[in-house]
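Under full-length UniProt numbering, the first residue of the sequence shown is numbered 1, with each subsequent residue one higher.
Heads up: the structure comes next, in structure tokens.
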Amino acid sequence: SSIDQAIEASRVGLESLGFDDPLRPDLLSSHAEQLLIKYMRTLETDDLDKAVHIYQDILAEPSQFTNQSLPSFNYALLLRDKHTKTGLASDFDNAIRAAQEAIALDEGDDPKRSEFLLTGCSNPAMFLNNMGLSLGMRYRELGAEKDIYQGISVLQEAIKSTEADDPNHSDLPLFWNNLGLLLEHRYERTKAMDDLEESSRLLKQSVKATPRGDPAYPTRLNNLGLVHGHLFSRTRNIGRLHDAIWATSEAVKMAKKTHPNDLDLPLFLNNLGRLYGDWADVTESSELRDTAMLNLQAAVEGARSQQPPHDDLAMFLNNLSGAFQEKYHAGKLPGDLDKAVVSLKDAVAATPKTHPDRAVRLYNLGLLLREEHSRDDNLQAAISCFQEALDATAAPVMSRIVAGREVLACCLDNLNLNLTCDWDQAYEALDKAVRLVPALAPKSLGNVDKQYVLSQVVGLTSDAAAVALEAGKGAVVALKLLEIGRGIIAKSLEDVRTEAPVRALRAHDPKLAEQFIRIRDELDFSAWSAGSGPSWLDEASRRHDIMRQFEDLVEAIRQRSGFQGFLLPPSQEDLQAAAEHGPIVLVNVSRRLGRCDAFLVERHQIRVLALPGLRYGDLEKNSKGRDLGNIKILEWLWDALTRPVLDALGFDHPPSDENWPRLWWVPTGLLTRFPLHATGRYQKASVDTVLDRVMSSYASSIQSIISGRRQGPQEYATGSQKALLVRMENTLGHTKLQYAADEIDSLRNLLETMNVPFVEPERRKADILSHLPACTLFHFAGHATADEADPSRSFLALEDWDVDRLTVADLRDLNLWQNAPFLAYLSACNTSQIKDGSLFDENVHLVSAFQLAGFRHVVGTLWEVQDRSSSEMARITYKTMHDDDLTDVSVCRGLHRASRELRDRW
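Below is the structure:
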């Protein structure tokens, strides 16, 4: 052929020239371009190796070539292709290094740039595009988080520089597509919804700007369908699924019609098969499931027919296995399960051990083998799959955690088969899994996104603590697991808001303390804007950089003497010290093991009390009723839980004087819905109640108690106090609260006797938020609503609640810790209720939101309460607080006194 003749001619010419001949550089460059052209036509490994070799020669002689940016760029592209054939990480590393050199060397004046045969591009931003793609590809194969962030930043720069030169540049649709795809990759790892929305925006923009006849059009349409599929999975909006199926179906049709040998056609078919599978799950349609199967089978066949096989064959096999598994569940034909296992074994075998997706494929294989657990060897094989997935450090954190959880499931399967359960094996897996949970919600992730990912591992920590006890690890080990894996959102916010750790650091090293404060304050999410678009992407990258700086600085602080535990979960000494003012009782509820235990934390010891009378099934049944405070439930909980706990702590009778002992309850799981402080037997003259033994307080974790204590007692001297009062007796769409006005009138009179000034602003969201930072006391008398689908949308009903709600998310993003207000009193229904069981471990409700905003004490309700009772409760509580000079214990004493007095009237 003519290209072979040109290559041979330039090779002979090079051999005839001396090394220092002035004609040699131009001839060598021409020879390299000819080899490049041939490789792009043949895709043969031999042609690729020859081209790589020549470009290595060019780059080894920098003094001979006036501009090496294009050779570096070409070399980077060739090395990237070489990596896909060899699988060597060094080829990828060298490709990225060459791309970086091309960017650094580019001066924008190479006269041959417009003749660049590989891309036909005269845009120097193409160098950035190539580097960003290479980083994205390396991330997909090796899972290094820094690669995906750097790749996104580089592609952003390519877009910015191109748009600045020419907003209509022909390369922009390519760059938008590539950035959208990398954002999709990052979403898969972090679950940041803004990444997905921005990816969708960019891909729509790319598709719209690409002519239908462009060979790249089907690929870009397929990418858009992929992202719409993710949007459906996240939002369950069926319209998103239909959009995804349309886009991907069009991509398949166009590829079959115009490019029947397109190497990416199997990828399009795979994505379409997955989407039809999702549609079948929604509709339970066997026809749609058959369509999904046909597309997935065609994807595998097409991938296998390519030489070499398609890079994503392992992914296609994994998805085909899922289709066979669904078919087995529908028809129970053993052959379908066998096909599922074979496909998945092939998928695992085709996935390199260092690939981040190997863990999820091992997890899926383990699930299949566990389903065949009638033979013990299969169950052990399943455990081996889960353990390998758990230890896969390159994999996404969620893939590792769910694999660890399944080791426990296998252990319990053994028990059901009357076999021995290896509790030590289960404990080791769950210990690893729980310690990974905080990494699901990095500080750079928004609170709502944290809430989403953490909801997927609800109950894991409680099960791990129960397994630790079964394995004989003791109360302290089990309790520490509960403190590590619960309340992640609260701990993340406290790390960047609380002042207590800074005080000790400032005394030790003022400069280091100031550095910590600067980075910490930048990381507080309340200081950042939300949304999508280029400016948001810049902020996302900046937040990630700051998070890394924060983590590095915290690690450096921990190297200092006396600061080894800086921002770490509490030690045993810390846990026991938290019980200085009274014992703490954390009640653990494990669904998987059906076991309930009370951890009794006292100043001198930590012990565990088994609660055989508290069964998970009873909790589940009783939690479904509307009246969780009825007499039968209060008596049942007294017998099964609170009486055994109080007896074990020595609180077996009422105190002889008014010196009431205080106890903190830390319920978990379903138990968070029940009023432990009100349990007992309420026959006439009975003192068999919690109210007659102790004063009760609640906490979401022991860590939250420690954080509050470390803040130190606030001085609320007369003259510095200020109350914010909100009265909502008439609220649009809600019943009238007849006694709300009386409640506020009574409080107003009491505040005047206490010489505490008060303000009653407009009862609208913006006005309330503007007054909260300056208040000491906040009292709300009105309605509240607990959102069943998303507790972060639970709200206080103000005058503008129908257009602009004051939600948990709004309050959680406030930062009032510098001048922490004393009390938020929420005289409204359901302010501490969690209707979404997937967030029990995070305690997402209005009460916790005020605590995270910085309020030292918060009073709330578990259910609907009578208007008149709420008013009386508030009056007695505030009167007690006034008599006790607004101390920490006065809030608890006031509520206890009010509860007993109203109980006695009843």
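Ideal Cβ placement from N, Cα and C applies to all residues, glycine included.
Mark residue i as exposed unless 16 or more other C-beta atoms lie within 10 angstroms of its C-beta, in which case mark it buried.
i: Asn-755; result: exposed
i: Thr-258; result: exposed
i: Leu-179; result: buried
i: Lys-632; result: exposed
i: Asn-129; result: buried
i: Lys-146; result: exposed
i: Asp-810; result: buried
i: Thr-393; result: exposed
i: Thr-785; result: buried
i: Lys-112; result: In this predicted model, Lys-112 has a pLDDT of only 39, less than 50, meaning its place in the structure is not dependable; the value taken from the coordinates is given anyway. Exposed is the call here.
i: Gly-472; result: exposed
i: Gly-894; result: buried
i: Glu-8; result: exposed
i: His-857; result: buried
i: residue 929; result: Because residue 929 is not part of the residues shown, which for the chain are 1 to 906, the question remains open.
i: Leu-732; result: exposed
Give a yes or no on whether the C-beta atoms belonging to residue i and residue j are separated by under 7 Å.
i: residue 969; j: Ala-849; result: In the structure as shown, the chain begins at 1 and stops at 906. Residue 969 is therefore absent and cannot be evaluated.
i: Ser-700; j: Val-458; result: no
i: Ala-429; j: Ile-401; result: no
i: Thr-831; j: Val-844; result: no
i: Ala-475; j: Arg-603; result: no
i: Ser-899; j: Ser-870; result: no
i: Val-300; j: Leu-320; result: yes
i: Pro-173; j: Ala-209; result: yes
i: Gly-225; j: Ala-247; result: yes
i: Asn-815; j: Asp-524; result: yes
i: residue 931; j: Gly-331; result: It is not possible to answer for residue 931, since the shown part of the chain is limited to 1 through 906.
i: Trp-817; j: Arg-497; result: yes
i: Arg-189; j: Pro-396; result: yes
i: Ala-598; j: Val-645; result: yes
i: Gly-613; j: Ala-640; result: yes
i: Leu-634; j: Thr-679; result: yes
i: Val-759; j: Leu-724; result: yes
i: Tyr-139; j: Ile-152; result: no
Considering only the alpha carbon of each residue, which of the options lies closest to residue i?
i: Pro-438; options: Ala-299, Gln-425, Thr-461 and Ala-784; result: Thr-461
i: Ala-577; options: Arg-710, Ser-656, Ser-541 and Thr-190; result: Arg-710
i: Leu-275; options: Arg-289, Asn-622 and Leu-609; result: Arg-289
i: Ala-389; options: Tyr-427, Gly-404 and Pro-352; result: Gly-404
i: Thr-672; options: Ser-623, Arg-643, Pro-654 and Pro-661; result: Ser-623
i: Leu-537; options: Phe-758, Phe-778, His-857 and Arg-201; result: Arg-201
i: Tyr-825; options: Leu-362, Asp-20 and Val-726; result: Val-726
i: Gly-854; options: Asp-904, Asp-742 and Gly-708; result: Gly-708
i: Leu-806; options: Ala-144, Ala-789, His-783 and Thr-354; result: His-783
i: Pro-655; options: Leu-670, Asp-688, Asn-630 and Gly-629; result: Asp-688
i: Met-873; options: Ala-359, Glu-743 and Ala-350; result: Glu-743
i: Thr-420; options: Val-477, Asp-618, Thr-283 and Leu-379; result: Leu-379
i: Asp-574; options: Glu-555, Gln-456 and Ile-705; result: Ile-705
i: Gln-387; options: Asp-413, Glu-372, Val-360 and His-373; result: Val-360
DSSP beta-bridge partners for residue i?
i: Pro-218; result: DSSP output for Pro-218 lists no bridge partner at all.
i: Val-694; result: Val-694 pairs with nothing; no bridge assigned.
i: Pro-667; result: Val-587
i: Arg-662; result: Met-695
i: residue 913; result: With the chain represented from 1 up to 906, any question about residue 913 goes unanswered, as that position is not in the structure.
i: residue 907; result: What is shown of the chain runs 1 to 906, which leaves residue 907 out entirely.
i: residue 967; result: With the chain covering only 1 through 906, there is no way to say anything about residue 967.
i: Arg-727; result: Ala-781
i: Thr-190; result: Its beta-bridge partners do not exist; DSSP assigns none.
i: His-581; result: Per DSSP, none; premise fails for His-581.
i: Leu-823; result: Leu-777 and His-857
i: Phe-850; result: According to DSSP, Phe-850 bridges with nothing at all.
i: Gly-680; result: Thr-689
Could you tell me if the beta carbon of residue i falls within a distance shorter than 6 Å of some heavy atom in the ligand ADP?
i: Gln-451; result: Among the ligands in the structure shown, none appear at all, so the ligand ADP cannot be discussed.
Practice problem: Mind the definition here: the stretch 401-415 touches the stretch 446-454 only if three or more C-beta pairs lie below 8 Å; say whether that holds. | Solution: no
Practice problem: Take every Cβ of the stretch 585-599, pair it with every Cβ of the stretch 655-672, and state whether three or more of those distances are shorter than 8 Å. | Solution: yes
Practice problem: State whether the stretch 297-317 contacts the stretch 328-341, with contact taken as three or more CB pairs (one from each stretch) at a distance under 8 Å. | Solution: no
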